[in-house]
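One structure below.
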Amino acid sequence: MLRTEHSFTIKNIAKFKSNLLAWAQQFNKAIWLDSNNPNINNNNFNLSDYDTVLAVDALTDLKCDSQNSFQKLKEYQENLEDYIFGYLSYDLKNDAEKLTSNNFDGLHFPDLYFFQPKKIFFIKENLITVKYIVDFSNKIEFDIAEIKSFNIKKESSKENEIKIKLRIHKDEYHNKLETVLNHISRGDIYEVCFCQEFYAEDSEINPLKVYQNLNEISSSPFAAFLKLNDKFLLSASPERFLKRNKNSIISQPIKGTIKRGENKLEDEKLKLQLTNDLKERAENIMIVDLVRNDLSRTAVKGSVKVEELCKVYSFKQVHQLISTVVSEVKPETNSVDIIKSLFPMGSMTGAPKIAAMKIIEDLEETKRGLFSGAVGYFSPSGDFDFNVIIRSILYNAINKYISYSVGGAITSKSIIEKEYEECLLKAKAMRQVLLQPN
């Protein structure tokens with residue numbers, strides 16, 4: 000598909016980005032991916048090709064359930080040879096393996112959705128590159144002028160009457176983790192990522208404002224705003240699932256979390272504590288081994304390497320242990336096949352992966368859907384970049400249903416009360432923005 004490209008520079012990039020995201024709300028289909036210019040310990044952490052990307056207005060799209068989903072996506076991606084943006088929900092596990100999803104679903108997102116945007120904006124520092132499908136290239140100058148002068152309506156804040164509920168209450172959480180620990184002691188699994196849902200019914204929010212507030216307090220390197228008609232993803236994800244750059248593949252699993260300190264001295268002590276925490280490191284290393292195994296399915300022999308192991312990275316709310324695992328693939332290796340070989344990501348499942356996913360389905364109360372899936376894009380050449388959908392709010396505006404889920408890795412060394420406290424820590428930012436006026 001031919002596209003017209005136009006580039007220009009902007010002095011006040013923050014204002015342009017704010018206008019651009021507000022302007023995008025007029026479209027039924029929109030995806031905004033923002034790295035928030037991360038400056039956390041290592042400039043190479045994010046490794047994104049762009050600081051921010053916006054894709055709007057679908058020319059074509061693909062929407063399906065999990066049945067034969069990866070094959071449908073492969074055909075869609077190969078036939079178009081164009082940019083496509085979208086998401087893969089966790090429940091595509093049922094296509095990757097012989098599994099099922101029968102838990103409660105209050106959100107009703109499609110299991111897979113991708114679209115071919117008419118209009119794309121790529122931002123790198125203060126350079127804006129616009130890529131419009133040729134048939135719509137006559138709109139470029141008009142749209143740019145409109146965005147630059149876009150009038151963002153200031154709406155008066157109103158108190159939220161959102162009542163957040165727990166799908167799994169504390170006593171039940173304890174019982175379920177006892178069951179998980181029994182599985183581990185029997186040798187059924189070594190580690191599992193057990194999650195719980197927080198939700199609100201008959202509630203309404205302003206998705207854009209909630210996303211902006213969430214992004215402001217989190218500033219995560221893989222933040223995303225997705226609008227799919229009446230359904231919204233508001234994500235402050237700190238985690239990359241998978242990226243392809245030509246023949247290079249990179250995965251950056253997160254396992255290991257500790258709070259930020261009240262001052263610099265306490266903060267440094269907490270970072271050191273996380274670095275030396277044997278339980279947290281064991282969580283991360285087990286998932287690294289799983290990722291290495293998954294990458295080896297498509298990798299050139301001997302190319303799978305661990306570039307960083309259990310390195311501490313700092314975010315506004317928490318410190319995290321992050322590892323970086325890379326591999327090389329042959330040029331002809333299909334991108335969707337690579338993603339399928341690692342899906343769902345090890346950091347949100349466990350080891351062994353299939354056994355962990357069966358236990359997750361049995362013990363969790365909610366269909367995960369987008370939570371612990373991935374959102375991102377493919378380029379025309381087949382390169383791709385996808386995050387892990389965590390630290391995210393999901394909203395069905397028609398059903399007036401709001402949901403966010405959190406979890407943690409359970410191992411033989413897990414202390415149930417500490418795991419519960421970690422869940423509350425991870426949920427803090429989402430709860431905060433939902434309860435503040437918007």
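Counting along the sequence shown from 1, when you hit position 251 you're at 250 in numbering that gives the first Met the number 0, and nothing is skipped either side. Glycine residues also receive a C-beta, built at the ideal position from the N, C-alpha and C atoms.
In the structure shown, Glu77 adopts helical secondary structure according to DSSP, grouped into three states.
Note on Pro237: 16 or more other CB atoms within 10 angstroms of its CB, so buried under the neighbour-count rule.
Listed in chain order, the non-local C-beta contacts of Tyr210 below 6 Å within the same chain comprise Phe224 and Leu233, local neighbours out to five positions each way being set aside. For Ser380, the secondary structure class from DSSP, reduced to helix, strand or coil, is coil. Non-local beta-carbon contacts of Thr274 in its own chain, meaning distances under 7 Å to residues more than five positions away in sequence, involve Val311 in chain order. Taking the CA atoms as reference points, Ile286 sits about 22 Å from Asp94. The alpha-carbon separation between Phe141 and Phe149 amounts to approximately 12 Å. Around the beta carbon of Asn67, fewer than 16 other beta carbons lie within 10 angstroms, which makes this residue exposed. Approximately 35 Å separates the beta-carbon atoms of Ile249 and Thr178; this is outside 8 Å, ruling out the contact. Beta-bridge partners assigned by DSSP to Ala95: none are found. In the three-state scheme derived from DSSP, where H, G and I count as helix and E and B as strand, Val432 is classed as helix.
In the three-state scheme derived from DSSP, where H, G and I count as helix and E and B as strand, Ile83 is classed as strand.
The C-alpha of Asp90 is placed about 7 Å away from the C-alpha of Ser100. If you ignore the 5 residues before and after Asp64, its C-beta comes within less than 6 Å of the C-beta of Asp110, all in its own chain and listed in chain order.
When Glu282, Arg243 and Asp288 are compared, the shortest CA-CA separation from Pro330 is found for Arg243. For the pair Phe383 and Tyr376, the CB atoms are nearer than the 9 Å cut-off. Residue range Pro206 to Ser217 is occupied by the alpha helix (DSSP H) that includes Pro206, with no beta strand (DSSP E) assigned at that position. Looking at the DSSP output, Lys310 sits in a beta bridge with Ile321. Ranking Ile253, Thr410, Ile83 and Leu308 by CA distance to the CA of Arg185 puts Thr410 first.
Here the alpha carbons of Ile9 and Val191 stand approximately 46 Å from one another.
Rounded to the nearest whole angstrom, the C-alpha separation of Thr256 and Glu416 is 15 Å. Around the beta carbon of Ala199, a 10 Å sphere encloses 16 or more other beta carbons of the protein chains shown; the residue is thus reported as buried. For the 9 Å CB-CB criterion, Leu61 and Gly85 form a contact. Annotated as distal: Lys117 and Leu32, with beta-carbon spacing of 9 Å or more.
Taking 9 Å as the cut-off, the beta carbon of Phe15 is found no closer than this to the beta carbon of Ile188. If you ignore the 5 residues before and after Val303, its C-beta comes within less than 8 Å of the C-beta of Arg291, Leu294, Ser295, Val324, Val325 and Ser326, all in its own chain and listed in chain order.
Counting along the chain, no alpha helix (DSSP H) covers Ile388, and no H or E run does either.
Around the beta carbon of Ser47, 16 or more other beta carbons sit within 10 angstroms, so the residue counts as buried. Counting other Cβ atoms within 10 Å of its Cβ, Met0 stays below 16 and is therefore classed as exposed. Listed as beta-bridge partners of Pro116 by DSSP are Ala57. If you look at Ile257, you'll find it in the beta strand (DSSP E) that goes Ile253 to Lys258.
Short of 8 Å from the beta carbon of Leu424, and not among the five residues preceding or following it, lie these beta carbons of its own chain, in chain order: Thr256, Lys258, Gln316 and Val317. Between Pro220 and Gly345, the C-beta gap is not smaller than 9 Å, which leaves the two residues out of contact. Judged by DSSP secondary structure, Asp134 falls outside any beta strand (DSSP E); it is assigned neither H nor E. The Cβ atoms of Ile389 and Val374 do not sit closer than 9 Å to each other. Per DSSP, Asn11 has no beta-bridge partner at all.
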